[in-house]
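Per my numbering, the sequence shown starts with residue 54, numbered consecutively. Glycine is no exception: its CB is placed at the ideal position from the N, C-alpha and C atoms.
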Amino acid sequence: MRLHPRRCIRNFALVIMFLFGTFTVTKWSGRFMKMPAKLITQEPSLVESNAADLGHAAVSLTADKHALSRNLDSTATKQYRPKQLVSSPNNPRVEIKLDRLPSRVLVLVYTFNGNEVKWVGENREECNLDTTGETFVQCPLERFEVTYDKQRFSESNLVVFHSNNMPDKGQLVSLSKSRPASQRWVYHTMESPRVTPDPGSLGELFNATWTYRSDSDFSAAYATYVALRPEQKAEAVTGDFAEGKTKLVAWMVSNCGSQLRIDFVRRMQKYIDVDAYGRCSHLLGKKLSCSKSQERRCLKPYKFYLSFENALCKDYITEKYWEHLGEENIVPVVMGGLEGDYKALGIPGSYIDVRNFKSVKELTDYLHYLDRNSTAFNEYFKWRQKYQKSPYHYPLCNFCRSYVLKPEMSRTKIYHSLSDFWVEKGKCGQEDQVIRRMLGQ
């Protein structure tokens, strides 16, 4: 048998290519088998990157590269179960980093809140960092101390100034000359920019904000919500929440200066009964009164409550909504924030947003429909089988959570223009025309 040199060379090359291909498959298979253990501690972006790398490497091993890539992505998703990552219904998935919190945080409350001297609560109950309820990770509140003693200014980590009792610019500049470099000054308010003093003169002094806005450094939202734990879901109250209700709409109002919402309620009264309580009730042809201590009893017969804020500003959703989700079994009809704020911050399925209707008449027609249809009315209480107001929402817990869950808190910043943050980005009045348009229909 004659040997052909060219044929021998070709066959030898084919053998080498076969052996190299087998080695490549084994190599990538071994890496893939080890992948799940690594995925547990990696960030989502790294998981996607690894899955993509595997998909690209497999192109030369299979013609069906798209199917393989989908399978790898699916496997990566199933394995990604990080124990130190938490999420909540109204917050993105974030990483718990206890080492971001200093070993000691002294909070000096420098100003009064109106006539209140000691106004920052020192509650130190449970402060769970895992809002999913699957685990319990206590934020170390013992590291925090609250003081009102200005003699301790130089040793304080945070110094809180309330907008309503803010020292003048000269006093602040003088005080800043003796502040430690690492000390953070905190601007605090719970009222909207419509009624708070413009902080335009306070630039270059403050390092953090503590307000109801979601983009504040420290959260002070009027309330938040969390998912129920499995055992709590079993205890959730169900039934006919329309039972015993004999009246339709109630509104308790003491601030008579917000003309837009008063005009809105007046228009509603043309189509539906609205009982107004409080200091401004006479503006609506009613003279009903109910003390704060009796508020729930007064509201019990009603199906709907007007949770109308005195200003439409970014994230401005107050106790007018949050405090009417309880035993009075009433559905809040909300007007506040900007478009999308209730969807982002409120409990899903717990409220009726006036912005979802073209006119006041269309809104009141819907309320009449719910009055006639108990099944549809009861849909607004199904959220109680999934969620609850967060029990972990109080000052020290909010400070602690911000330190631990927000990476940016490890860096000290300065607000060059507090007016830009508070007034311009607060966007008060930007959507007043939406309500006026409804009144014009």
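Next on the checklist: Output needed for phenylalanine 445: all residues of its chain with C-beta closer than 7 Å, excluding positions within five of it in sequence on either side, in chain order.
Outcome noted: In the sequence as presented, phenylalanine is not what sits at residue 445; that position holds tyrosine. So the qualifying residues of the chain are Glu179, Cys180, Asn181.
Item to check | Inside the stretch 337–391 only - beta strand (DSSP E) runs reaching at least 3 residues | outcome: List check, beta strand (DSSP E) in window: 355–361, 384–388.
Next on the checklist: Tell me the rounded alpha-carbon separation between valine 212 and lysine 353.
Outcome noted: Distance between the alpha carbons of valine 212 and lysine 353 is about 43 Å.
Next on the checklist: Quick check: the stretch 395–402 against the stretch 371–387, are at least 3 beta-carbon pairs closer than 8 Å?
Outcome noted: The way I'd put it, the stretch 371–387 does touch the stretch 395–402; three or more beta-carbon pairs between them come closer than 8 Å.
Checklist entry - Beta-carbon separation of lysine 171 and lysine 286 under 9 Å? => result No, they are not a contact pair.
Checklist entry - Can you list, in chain order, the stretches of the beta strand (DSSP E) that have 3 or more residues and sit fully within the stretch 384–439? => result Along the length of the stretch 384–439, whole beta strand (DSSP E) runs at least 3 residues long occupy 384–388, reported in chain order.
Checklist entry - Rounded C-beta distance between valine 302 and aspartate 326? I'm assuming under 8 Å. => result Contact between valine 302 and aspartate 326 holds, with the beta-carbon distance rounding to 6 Å and staying under 8 Å.
Checklist entry - If you drop the 5 nearest sequence neighbours on each side, which residues of the same chain put their C-beta closer than 7 Å to that of phenylalanine 357? => result The residues are Leu301, Val302, Ile383, Val384, Val386, Leu420.
Checklist entry - How many Å lie between cysteine 333 and glutamate 461 at the Cα? => result The straight-line gap separating the alpha-carbon atoms of cysteine 333 and glutamate 461 is approximately 44 Å.
Checklist entry - Would DSSP call methionine 491 helix, strand or coil? => result Methionine 491: helix per DSSP, three-state reduction.
Checklist entry - With distances taken from CA atoms, which of Leu391, Trp304, Lys459 is nearest cysteine 343? => result The shortest CA-to-CA distance from cysteine 343 to any of Leu391, Trp304, Lys459 is the one to Trp304.
Item to check | Residues bridged to glutamine 191 (per DSSP) | outcome: Answer is Asn181, bridged to glutamine 191.
Next on the checklist: Using CA atoms only, rank isn't needed, just tell me which of Pro220, Arg490, Arg247, Val318 is closest to glycine 338.
Outcome noted: Of the candidates Pro220, Arg490, Arg247, Val318, the one whose C-alpha sits nearest the C-alpha of glycine 338 is Val318.
Item to check | serine 267 to arginine 454 span [Cα, whole Å] | outcome: Take the alpha-carbon of serine 267 and the one of arginine 454: they are about 14 Å apart.
Checklist entry - Roughly how many whole angstroms lie between the Cα atoms of serine 311 and tyrosine 369? => result Those two C-alpha atoms are separated by around 15 Å.
Next on the checklist: Quick check: what's the CA-CA separation for arginine 314 versus isoleucine 400?
Outcome noted: Roughly 23 Å between the two C-alpha positions.
Checklist entry - Counting pairs of Cβ atoms below 8 Å between the stretch 474–485 and the stretch 238–253, do you hit three or more? => result Yes, the stretch 474–485 touches the stretch 238–253.
Next on the checklist: Closest to arginine 237 by C-alpha separation, out of Met491, Glu257, Leu194, Asp221, would be which residue?
Outcome noted: Closest option to arginine 237, Cα to Cα, is Glu257.
Next on the checklist: Closest to leucine 161 by C-alpha separation, out of Glu148, Arg205, Arg153, Glu244, would be which residue?
Outcome noted: Cα-wise, what sits closest to leucine 161 is Arg205.
Item to check | Cβ neighbours of leucine 341 in the same chain (closer than 7 Å, five flanking residues each side left out) | outcome: For leucine 341, same chain residues with a beta-carbon under 7 Å away, outside a window of 5 residues either side, are Asp328, Ala329, Tyr330, Ser334 in chain order.
Item to check | Spatially closest choice to asparagine 243 from Lys230, Thr264, Gln224, by CA coordinates | outcome: For the sequence presented, residue 243 should be read as methionine rather than asparagine. Taking methionine 243 as reference, the option from Lys230, Thr264, Gln224 with the minimal CA-CA separation is Thr264.
Checklist entry - Can the beta-carbon of leucine 159 be found closer than 9 Å to that of asparagine 210? => result Yes, the pair counts as a contact, with Cβ atoms nearer than the cut-off.
Checklist entry - Nearest CA to the CA of arginine 157: which residue from Val190, Glu175, Leu194? => result Taking only the C-alpha atoms, the option nearest arginine 157 is Leu194.
Next on the checklist: With the cut-off set at 9 Å, would you say histidine 215 and phenylalanine 259 are in Cβ contact?
Outcome noted: Taking a C-beta distance under 9 Å as the contact criterion, histidine 215 and phenylalanine 259 do not qualify as a contact pair.
Next on the checklist: Bridge partners for valine 160 per DSSP, in chain order?
Outcome noted: Partner(s): Val199, Leu211.
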